[in-house]
């Protein structure tokens, strides 16, 4: 038997909990932070726009189109965070010889989406 | 050949555009509107929370967990809007004998998610 | 309170079970059946192709690319079945005045995907 | 600017093509291969079962329930392949100092699903 026999990913339970005491392996630069915060502020504005559409009793399909646009924007932000995480936290752990735990965590995160 | 031979859904182009002049077949009650707006306000708050997490340089996986929670909340709101749309706009059109256009539109909306 | 207050779709449990005794509101023509069966036969062939790739120890990403192609083909078949179901079974039930149960069932099906 | 400024993942084009000449960093054991092939054979059987359901003109929702079960089985197989890929090919590349290309490829694969 090797390490893939007890295939972590086949278990459906994702049991991921927040780890507030933990930080990225490589701190984000002010510039990186601002880029993601700006994208999240645009999403915030889109969500307020959705509220206005509901108050104006807009056609349901229009609301669903805008809602899917918010989902798409969040998905892209998620991929940016995921890419950086894999290229820093996960890679650093692999370089330090304890990558499998990080990869298990990465796969659990993927199952959330 | 019958109406399913030119199967609309096999075409990948969703070409859905906003129809601001259009309203729901049955106007939403004030109560209905408030319920959806409240849920969207909670999402707005969660998105601001994500901005704070980025500013605090929180661990990437924590940000992704919260981001997936926002996605899940938006998905539920989408299902509420979809259910109401199907039980009012689509059903009314079917009762009036021109349901297929509405069903085609419904399937295009589903492809957005 | 109206019928959307107890919003069926917000419950996460899909509790959909098979109903072997039930048939489509409108029987499928031999031609319709053949079209879907042919598409499923192509999927069957693709799945055998995946088995061969694994036996040949092909690069993981190639296997994942082919696996996503099978997923895409199944999704399209699903949309065809969904479109027909909505234009026949669901529409017939709406015309007969008991559409809401069918719409609830339709939304549960959507949650499976 | 650092390596995340030209954020690969924000580009929607996945442009992933098959690389038949490439093999896994670590060859799969016969046992590993058999396990995945067995799972794919079960999927093959399920797809044949779907063909039978269509030929028997089974209720649309039943077909959709079974189709979603095939999707779920394929998704789990995909996660197994993805886990192994990340713990071998991607990790090996990171250890050898050229991990970013592999991570970019990994993110492109994720976008297929």
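Chains as they are written, first to last, in full-length UniProt numbering: chain A, 1 to 113; chain B, 1 to 113; chain C, 1 to 113; chain D, 1 to 113. Ideal placement from N, C-alpha and C gives every residue a C-beta, glycine not left out.
A check of alpha carbon separations from residue 26 of chain C across C/71, C/91, C/74 and C/70 identifies C/91 as the nearest. The region 91-107 of chain C and the region 79-95 of chain B touch, with no fewer than 3 CB-CB distances between them shorter than 8 Å.
Chain-order list of chain A residues neighbouring residue 105 of chain B: 61, by C-beta distance under 8 Å. At a Cβ-Cβ threshold of 8 Å, residue 61 of chain D and residue 32 of chain C do not count as neighbours. About 13 Å separates the CB atoms of residue 74 of chain B and residue 51 of chain A; that is not less than 8 Å, and the two are not in contact. At least 8 Å separates the CB of residue 31 of chain D from every CB of chain C.
Contacts with chain D at 8 Å (Cβ-Cβ) do not include residue 98 of chain C.
For residue 76 of chain B, no chain A residue has a Cβ inside 7 Å of its Cβ, as the nearest lies near 11 Å away. Within 9 Å of the CB of residue 94 of chain C, no CB atom of chain D is found; the nearest one sits about 15 Å away. For the 8 Å CB-CB criterion, residue 100 of chain D and residue 87 of chain A form a contact. Here DSSP, grouped into helix, strand and coil, assigns residue 15 of chain A to coil. Selection B/47, B/59 and B/29 evaluated against residue 20 of chain A yields B/59 as nearest (Cα-Cα). Across the set D/45, D/67, D/76 and D/77, the C-alpha of D/67 shows the shortest separation from the C-alpha of residue 77 of chain C.
Cα atoms of residue 24 of chain B and residue 53 of chain D: separation of roughly 38 Å, rounded to the nearest angstrom. Ranking B/17, B/82 and B/69 by CA distance to the CA of residue 45 of chain B puts B/69 first. Annotation: the continuous alpha helix (DSSP H) that includes residue 48 of chain A extends over 30-55. Shown in chain order are the members of the region 22-47 of chain C whose Cβ falls below 8 Å from a Cβ of chain D: 22, 23, 24, 27, 28, 33, 36, 37, 40, 41, 43, 44 and 47.
The Cβ atoms of residue 82 of chain B and residue 107 of chain C lie closer than 8 Å to each other. For the alpha helix (DSSP H) assignment, the uninterrupted runs of no fewer than 4 residues enclosed by the region 63-112 of chain D are, from N- to C-terminal side, 91-95 and 99-112.
By the neighbour-count criterion, in which a residue is buried when 16 or more other Cβ atoms sit within 10 angstroms of its Cβ, residue 34 of chain C is exposed. For residue 108 of chain A, the closest Cβ of chain D is not nearer than 8 Å.
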